[in-house]
């Protein structure tokens, strides 16, 4: 327990307590960083700070399961470090984040983890945990050490980012087997990395260099194919799988079908994918279009966000994260002449809760209990933090948000606390805002004012293997999901607007003339852009890579290609032509 939360007493009176499975009118008493009592007519010691929550909701603090803080990626460092990023999270009603550790190829996973801990421990304003990326295959012993000694229980594998993070199918299979053996959550970014790389080359050869290239070169069929392949590999490895950044109805269909078949598949999407469309890549303002570049890309079909939100509401998708990785316009401008050089990432850690309430609850896709599930409770259950996190209950950590469902604000880059100089939801009026955020019993945010300090958050070790209550949670939903997912796959996954095939072409826009951040030469090869055009490939027999269908194994000598294969003895067939009939007929 943080010393700053010792002996602090808070009474939240008159509110409506909302958990993922029930809503009740109750008061909440907090002392020493722990929720001590939930109910009515409680015996409360004197000296408690009273917060009037009349007409308000009392929610478990949000858990954002995917943030990238103080991270260098594609030659750019994210615009939020652990201090500014966690501070912005608290302003949005999130009281815990799970950040990423992405080791370089052949870098020790343990060393990369220790570097991240050193940067985070003295800076975080809220509790945090870490995912570790398996960006190359071989560190089997290090994965076990991280689980056993460091409190890590999740690893992220990539099927994209060829030449850098991507694992081959056989490597992914072995990584999933290891996750199963050590009881870790296997997170997989599913895109067909080989075809993504080829698509990037083809789009650049067409002269398309703007942000629209990210959407053209990474169609949703590449995500759906990889998702199906990932589930198949996980099934062969007998390992539950957690698909991240689900961006399309096609990938959602794969998850729904897999769940109906009894496979243990969990899905995480992002706020951006569940609200925004790929039309933003075609904006005339290059900087605004580039600000939306993330992977998988936002989808051009305007019905996709509606479908993703429906999947969240129906429990096909289980968690919504921000995947917060903000960059400035100057950093994005490194790709002004080549979309493959635009750093992948969007902001959102501060906006996640309010945007999801606006589009999910007010939009009629989920109720207040489901909102708590996808923003907090499900994450706590999956990562073995429940019920210490993700629930308003006696004995839980006092991570609590007083939520005003009638309160509103207009989202803008000018007023945000999160990093970056763009807000993806600029001008959006959202109803449903946090007015008080409590982290481990400390009042850290109230009515726009912060009372938190750097280093006041704690690292939360996450146990391996789900506990019995979580296993029951997974099993209890399976039969229900089989019925519900069938309806979901029929109703919500049908594209609302048919996508017409047409020739890809570049957007005609004024060239970007603003500042471009200088790339710090680290001596490392950039593996994130399009592969070099002279990358060795299988020789083609005709110019342009078209297979020679006239090629033949015919030889004037009479030799055949199978002459050296041992001949099988002939087999006598006793049945007459057409097969023998039975006398019974």
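Residue numbers (the UniProt record's numbering): 1 to 585. For glycine and all other residues, C-beta sits at the position ideal for the given N, C-alpha and C. Please read these numbers as outputs of a predicted model, since none were measured by experiment.
CA-to-CA, the gap between residue 337 and residue 266 works out to about 38 Å. In this structure residue 388 is not in contact with residue 398, their Cβ atoms being roughly 11 Å apart against a cut-off of 8 Å.
Under DSSP, the beta-bridge partners assigned to residue 96 are 63 and 127.
Distance between residue 391 and residue 28, taken at the CA atoms: about 12 Å. Taking the Cα positions, residue 206 is about 16 Å away from residue 219.
With a beta-carbon spacing of about 6 Å, residue 247 and residue 223 fall inside the 8 Å limit used to define contacts.
In the DSSP assignment, residue 242 falls within the unbroken beta strand (DSSP E) covering 241 to 244. Counting along the chain, the unbroken alpha helix (DSSP H) around residue 143 starts and ends at 140 to 149. As a beta-bridge residue in DSSP terms, residue 24 pairs with 17.
DSSP places residue 465 outside both helix and strand once states are collapsed to three, so it counts as coil. For residue 87, the number of other beta carbons within 10 angstroms of its own is at least 16, and it is reported as buried. With a minimum length of 4 residues, the unbroken runs of alpha helix (DSSP H) contained wholly in the segment 368 to 425 fall at 368 to 372 and 378 to 382. Out of 465, 359 and 394, the CA that lies nearest to the CA of residue 429 is found in 359. Contact between residue 175 and residue 137 holds: CB atoms are separated by about 6 Å, below the 8 Å threshold. The beta carbon of residue 203 lies closer than 6 Å to those of 213, 216 and 217 in the same chain, with the five residues before and after it left out. Residue nearest to residue 286 within the set 177, 38 and 513 is 513 (criterion: CA-CA distance).
Counting along the chain, residue 229 sits inside the alpha helix (DSSP H) bounded by residues 220 to 237.
It is roughly 6 Å from the alpha-carbon of residue 40 to the alpha-carbon of residue 26. Per DSSP, residue 158 is one residue of the beta strand (DSSP E) stretching across 154 to 158. If you draw a 10 Å sphere on the C-beta of residue 415, you find fewer than 16 other C-beta atoms in it, and that means exposed. Comparing C-alpha distances from residue 369 to each of 315, 411 and 11 shows the shortest one belongs to 315.
Each residue's CA atom was taken as its position, placing residue 98 and residue 105 some 22 Å apart. A direct Cα-to-Cα measurement between residue 411 and residue 148 gives close to 42 Å. Assigned with DSSP and collapsed to three states, residue 434 falls in strand.
DSSP links residue 358 through a beta bridge to no other residue. Taking 8 Å as the cut-off, the Cβ atoms of residue 379 and residue 135 do not count as close.
Taking a cut-off of 8 Å for Cβ pairs, the segment 329 to 345 and the segment 64 to 78 touch, as three or more such pairs fall below it.
If only complete runs of 4 or more residues are kept, the segment 243 to 299 shows the alpha helix (DSSP H) at 249 to 260, 271 to 275 and 286 to 291, in order along the chain.
In this model, residue 357 and residue 155 are separated by some 29 Å (Cα to Cα). Sorting 230, 84, 146 and 90 by C-alpha distance to the C-alpha of residue 114 places 146 at the top. Per the coordinates, the alpha-carbon of residue 431 lies some 42 Å from the alpha-carbon of residue 233. Taking C-alpha positions only, residue 355 is separated from residue 93 by approximately 12 Å. By the Cβ test, the segment 311 to 329 is in contact with the segment 258 to 277, since at least three Cβ pairs between them sit closer than 8 Å. Ranked by Cα distance from residue 157, the options 151, 177 and 150 are led by 177.
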